[in-house]
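There are 2 protein chains.
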Amino acid sequence: MSAPTPRTRLRRFPDKAAYDAATIHAVLDASPLGHIAYAMEGAPMLLSTLVWREGDRVFWHGSSASRALRAMEGAEVCLSVTTLDGLVLARSAFEHSVQFRSVMVMGRAEKVTEGKEAHLQAMVDRLFPGRWQQLRPMQSQEVKATAVFSLPLSEASAKIAMGGPTDEEADRSWPVWAGVVPMALTFGAAKPEPDLPEGLPAPEVAWVAR
Amino acid sequence: MSAPTPRTRLRRFPDKAAYDAATIHAVLDASPLGHIAYAMEGAPMLLSTLVWREGDRVFWHGSSASRALRAMEGAEVCLSVTTLDGLVLARSAFEHSVQFRSVMVMGRAEKVTEGKEAHLQAMVDRLFPGRWQQLRPMQSQEVKATAVFSLPLSEASAKIAMGGPTDEEADRSWPVWAGVVPMALTFGAAKPEPDLPEGLPAPEVAWVAR
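So the protein lines, in turn, are chains A and B.
Following my numbering, the residues of the first sequence are numbered contiguously, the last one being 210.
Following my numbering, the residues of the second sequence are numbered contiguously, the last one being 420.
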């Protein structure tokens with residue numbers, strides 16, 4: 001992965017940046033929620049959407065009629081997946097920070113023209129392995145109404161900050177609690193539809209916020 | 211609140227949009243993580259950062275030397291706070307969706323020039339009430355090194371989708387599990403620094419992902 005310039009910054013000091021594929025993939029895979037910056041008539045816009053990775057590309061989807069997606073087609077975008085892992089409490093306000101893992105990908109958004117359904121299957125099966133083949137099969141007008149986009153990971157970078165507070169030596173005896181309050185995106189118990197026939201097993205979530 | 215055009219969309223169908231201050235405030239207050247789209251030399255860029263609300267403005271901060279913040283000053287930006295509340299599993303792939311609450315704010319980023327410290331206090335005390343006055347007092351060079359930005363909520367909109375699957379009648383008997391897998395950002399047990407003196411109470415987190 002080459003280093004894009006400039007990169008996003010989540011806190012005020014440079015954090016450990018990584019450009020290796022394994023790290024970038026792991027951070028992308030840690031959360032299904034992505035944000036995509038794009039331009040609409042010259043103005044910066046933001047799309048929050050589910051994203052998923054297949055190999056060395058990141059994908060997202062939406063309505064074929066979506067103004068946001070139409071504005072993105074072939075255009076430069078900046079996609080980010082950020083997981084907040086904790087709040088870091090120091091003795092001084094200045095050294096407070098957060099634990100996070102973030103990936104930023106820049107490039108031109110490419111609209112998928114062939115094999116859309118296989119990518120939608122990848123999205124569903126990534127969250128719930130094997131679910132796609134249990135579903136009512138997708139209809140051609142549904143495929144038509146759905147747009148799938150992707151971005152190569154050739155200009156991607158990861159930033160990871162998982163350390164504790166870094167107070168200056170002189171501050172370390174200041175009488176205030178210091179440490180980390182961990183945070184995680186967690187799943188609750190699955191809530192079945194009221195009219196669901198008995199005996200259908202609840203799906204197992206493959207995805208875990210690591 | 212007036213309706214900005216266009217608005218972000220998290221799923222393919224229009225969801226319930228809201229422009230009243232109470233809803234917008236509640237969604238902004240539900241997560242400390244924001245994303246801000248801005249332009250850097252004409253290219254769309256994204257900043258992931260902590261955000262907090264004071265009255266009818268949303269704030270963020272960073273290093274005074276940050277290239278991202280310098281690029282934003284007085285420029286159009288688009289800020290979003292999105293909370294993922296669940297995965298919605300339908301009988302057809304097409305009706306799968308997510309439960310979410312999202313706010314999008316558009317406007318020109320304003321750099322705070324007076325009273326930066328009071329805003330930083332608001333950020334800390336919002337997360338941990340009363341903590342600011344327990345901290346080693348902020349030094350003038352720390353205030354100088356910190357930039358604070360804000361955006362009015364005059365062009366803000368909220369979108370909330372908390373429903374279950376909306377399968378077509380003909381699909382509701384398809385033999386696959388359907389319902390909602392809830393998600394939430396949760397806090398773990400606070401981890402004190404190894405050299406922390408005994409007897410200092412761990413801070414209580416005021417903020418809860420509601």
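Glycine included, every Cβ here is placed at the ideal spot set by N, Cα and C.
In DSSP terms, what residue i is bridged to
i	result
His61 of chain A	A:Val148
Trp52 of chain A	A:Phe59
Val181 of chain A	A:Leu87
Gly244 of chain B	B:Thr259
Val77 of chain A	A:Gly107
Arg346 of chain B	A:Ser92
Thr396 of chain B	A:Ala184
Opening and closing residue of the alpha helix (DSSP H) in which residue i lies
i	result
Leu337 of chain B	Lys326 to Leu337
Leu238 of chain B	Ala231 to Asp239
Arg280 of chain B	Arg277 to Met282
Under 9 Å between C-beta atoms of residue i and residue j
i	j	result
Gly389 of chain B	Leu299 of chain B	yes
Trp52 of chain A	Arg126 of chain A	yes
Leu120 of chain A	Thr146 of chain A	yes
Ser290 of chain B	His35 of chain A	yes
Glu320 of chain B	Gly284 of chain B	yes
Ser150 of chain A	Val112 of chain A	yes
Val58 of chain A	Leu28 of chain A	yes
Ile370 of chain B	Ser312 of chain B	yes
Met45 of chain A	Ala22 of chain A	no
Ala253 of chain B	Cys78 of chain A	yes
Met393 of chain B	Gly86 of chain A	no
Within-9 Å CB hit, residue i to chain A
i	result
Thr233 of chain B	no
His245 of chain B	yes
Glu286 of chain B	yes
Arg420 of chain B	Residue confidence is low: Arg420 of chain B scores 41 on pLDDT, short of 50, so the model does not pin down where it sits. No coordinate-derived value is stated.
Phe158 of chain B	Only positions 211 to 420 of chain B appear in this structure, which leaves residue 158 of chain B out of reach.
Tyr248 of chain B	yes
Ser367 of chain B	no
Arg341 of chain B	yes
Pro362 of chain B	no
Thr356 of chain B	yes
Arg263 of chain B	no
Arg267 of chain B	no
Ala213 of chain B	Here the model assigns Ala213 of chain B a pLDDT of 40, short of 50, so the residue's position is not dependable, and the following value carries that caveat. So no, Ala213 of chain B is outside the interface.
Heavy atom of the ligand NAP within 8 Å of residue i beta-carbon
i	result
Ser350 of chain B	Ligands are entirely absent from the displayed structure, and the ligand NAP is therefore not among its contents.
Extent of the continuous beta strand (DSSP E) to which residue i belongs
i	result
Met106 of chain A	Ser97 to Arg108
Ala156 of chain A	Ala156 to Ala161
Ala17 of chain A	Lys16 to Ala18
Any C-beta of chain B under 9 Å from that of residue i
i	result
Ala93 of chain A	yes
Gly188 of chain A	yes
Met162 of chain A	no
Pro165 of chain A	yes
Phe149 of chain A	no
Asp171 of chain A	yes
His119 of chain A	no
Arg12 of chain A	With a pLDDT of 36 at Arg12 of chain A, under the threshold of 50, the modelled position of that residue is not reliable, and the figure given next carries that caveat. It does; some Cβ of chain B falls within 9 Å.
Glu193 of chain A	yes
Ala28 of chain A	The identity of residue 28 of chain A in the sequence shown is Leu, whereas the question assumes Ala. So no, Leu28 of chain A is outside the interface.
Contact with chain C by residue i, beta-carbon distance below 9 Å
i	result
Ser350 of chain B	Here chain C cannot be found, since the structure's protein chains are A and B.
Given residue i as reference, the closest of the options once Cα atoms are compared
i	options	result
Pro407 of chain B	A:Ala93, A:Asp171, A:Val143 and A:Leu47	A:Asp171
Arg301 of chain B	B:Ser383, B:Phe397 and B:Arg267	B:Ser383
Ala265 of chain B	B:Met316, B:Ala332, B:Ala249 and B:Ala228	Residue 265 of chain B is actually Gly in this sequence, not Ala. Selected option, being the one with the closest Cα: B:Ala332.
Asp230 of chain B	B:Leu257, B:Gln343, B:Phe310 and B:Val315	B:Val315
Leu135 of chain A	B:Gln309, B:Glu305 and B:Val386	B:Val386
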